[in-house]
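Residue 708 is where the sequence shown starts when you use the working numbering, and the numbers rise one by one after that.
C-beta: ideal position from N, C-alpha, C; glycine also.
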Amino acid sequence: MSNTATAPVLYSFDAVPTLQKSLADFIVKAQAEAVAARGQFTIALSGGSLPNNLKPLADIPGIHWDKWQVFFADERIVPLDHPESNYAACAKAFLDHVPIKREQIHTLNSSLFSEAQAVATDYEKQLVATFASTTTARYPTFDLILLGMGPDGHTCSLFPGHPLLSEQSVWIAPIVDSPKPPPRRITFTYPVLNHAARVAFVATGEGKQEMLAKILDEPELGLPCSRVRPVA
């Protein structure tokens, strides 16, 4: 893997259903290539509007669900059935409707919720267990990470001006002072995001246009989304 950042490619759609179909096709292609190459497909999901945009996956035949390993690029430290849980949103949207085993879906350990650092450390161990046999790199290489884009330019639980933007030593970091509730979360760090084979941002609505332009055209602002630049 080189140190050259991959230039972003922008796709625009005139309607949400068109976006959803294109996104589903993109995911299916990525998982087919990963399964053919390595026998498994590692994917990280996010919350927000993304889960609903993944609903069409439940109706597509021929997906190798038994080869998927599903993680969450960020997660709120809340019960798994809580309305703020990214897992709960993805389960409701499509994971509960496809033949994927529960042990292939990597969620937070609720017995550790009293300490955010313990939750983050445990989740990092789950990544290590999955990727240790498939890579010798310092960081995991996900086949695909799907991210959202907040109106302030945040992604995962990486917020503008937050010290976590500079975190380079761990894969998973806790955050206890999120400016967006709930305050206690865990998040992938940039070394993990930027070592993925593919990263796709999925954003809908006219309200995101101005921020998207800043992310693409004004990298000097250092917005969290603009710092996601996977190396080729």
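Among Tyr-794, Pro-898, Val-723 and Arg-809, which residue has its Cα nearest to the Cα of Trp-775?
In the sequence shown, residue 775 corresponds to position 68, counting from 1. The residue with the shortest Cα to Cα distance from Trp-775 is Arg-809.
Quick one, are the C-beta atoms of Ala-737 and Leu-764 less than 8 Å apart?
Working through the sequence shown from its first residue, we reach residue 737 at position 30. Working through the sequence shown from its first residue, we reach residue 764 at position 57. Going by C-beta atoms, Ala-737 is not nearer than 8 Å to Leu-764.
For Phe-801, which residues from the same chain have a beta carbon less than 6 Å from its beta carbon, with the 5 sequence-adjacent residues on both sides left out?
Position 94 of the sequence shown, counting from 1, holds the residue named residue 801. If we look at Phe-801 and ignore the five residues flanking it on each side, its Cβ neighbours are Leu-761, Lys-762, Leu-764 and Ala-765.
With the cut-off set at 8 Å, would you say Pro-937 and Val-906 are in Cβ contact?
The residue you call residue 937 lines up with position 230 of the sequence shown. The residue you call residue 906 lines up with position 199 of the sequence shown. Cβ distance < 8 Å, so Pro-937 and Val-906 count as in contact.
Residue ranges of each alpha helix (DSSP H) run of no fewer than 4 residues wholly in the stretch 886-933, ordered along the chain?
897-900 and 916-924
For Ala-836, does the count of other Cβ atoms within 10 angstroms reach 16, so buried, or fall short, so exposed?
Along the sequence shown, read from residue 1 onward, the residue named residue 836 stands at position 129. Exposed: under 16 other Cβ atoms inside 10 Å.
How would you label Glu-927, buried or exposed, when you count the other beta carbons within 10 angstroms and need 16 or more for buried?
For the purposes of this step, residue 927 is taken as the residue at position 220 of the sequence shown. Under this definition Glu-927 is an exposed residue.
How is Val-938 classed by DSSP in three states: helix, strand or coil?
Sequence index remark: in the sequence shown, residue 938 carries index 231 (1-based). Here Val-938 sits in strand by DSSP.
Rank Pro-790, Ile-784, Gly-912 and Leu-819 by C-alpha distance to the C-alpha of Gly-855 and give the top, closest one.
Here residue 855 corresponds to residue number 148 of the sequence shown, with the count starting at 1. Taking only the C-alpha atoms, the option nearest Gly-855 is Gly-912.
Are the beta-carbon atoms of Ala-795 and Ala-880 separated by less than 8 Å?
Position 88 of the sequence shown, counted from the first residue, corresponds to residue 795. Position 173 of the sequence shown, counted from the first residue, corresponds to residue 880. No.
On a Cα-Cα basis, can you pick out the residue from Gly-868, Pro-888, Asp-924 and Leu-872 that is closest to Asn-901?
Counting from 1 along the sequence shown, the entry for residue 901 is found at position 194. Proximity to Asn-901 across Gly-868, Pro-888, Asp-924 and Leu-872 peaks at Leu-872, based on C-alpha coordinates.
How close, in whole Å, do the beta carbons of Asp-803 and Leu-819 come, if the pair is a contact with beta carbons under 8 Å?
Counted from its first residue, the sequence shown places residue 803 at position 96. Counted from its first residue, the sequence shown places residue 819 at position 112. 24 Å between Cβ atoms; not a contact.
Using only the alpha-carbon positions, how far apart do Ile-812 and Trp-772 sit?
Translated into the one-based positions of the sequence shown, residue 812 becomes position 105. Translated into the one-based positions of the sequence shown, residue 772 becomes position 65. Each residue's CA atom was taken as its position, placing Ile-812 and Trp-772 some 11 Å apart.
Is Leu-930 buried or exposed, if buried means 16 or more other CB atoms sit within 10 Å of its CB?
Position 223 of the sequence shown, counted from the first residue, corresponds to residue 930. Leu-930 comes out buried.
Which residue comes first and which comes last in the alpha helix (DSSP H) that contains Ala-798?
As a working note, residue 798 is residue 91 in the sequence shown. In the DSSP assignment, Ala-798 falls within the alpha helix (DSSP H) that extends over 793-800.
Is the beta carbon of Asn-793 closer than 8 Å to that of Phe-778?
Translated into the one-based positions of the sequence shown, residue 778 becomes position 71. Translated into the one-based positions of the sequence shown, residue 793 becomes position 86. Contact: no.
Based on the DSSP secondary-structure assignment, which residues constitute the bridge partners of Gln-811?
Stepping through the sequence shown from its first residue, residue 811 is reached at position 104. When DSSP reads this structure, Gln-811 sits in no beta bridge, so it has no partner.
Nearest CA to the CA of Arg-934: which residue from Gly-868, Glu-917, Lys-915 and Arg-892?
If you number the sequence shown from 1, residue 934 lands on position 227. Nearest option by C-alpha distance: Gly-868.
Along the alpha helix (DSSP H) that carries Asp-884, what are the first and last residues, could you check?
For the purposes of this step, residue 884 is taken as residue 177 along the sequence shown, with counting starting at 1. Taken as a continuous stretch (DSSP letters only), Asp-884 belongs to no alpha helix (DSSP H), as it is neither H nor E.
Among Gly-754, Asp-850 and Thr-894, which has the Cα closest to the Cα of Ala-744?
The residue given as residue 744 occupies position 37 in the sequence shown. Nearest C-alpha to Ala-744: Asp-850.
Would Glu-782 and Pro-889 be called neighbours here (beta carbons separated by less than 8 Å)?
Working through the sequence shown from its first residue, we reach residue 782 at position 75. Working through the sequence shown from its first residue, we reach residue 889 at position 182. With contacts defined by Cβ atoms closer than 8 Å, Glu-782 and Pro-889 do not form a contacting pair.
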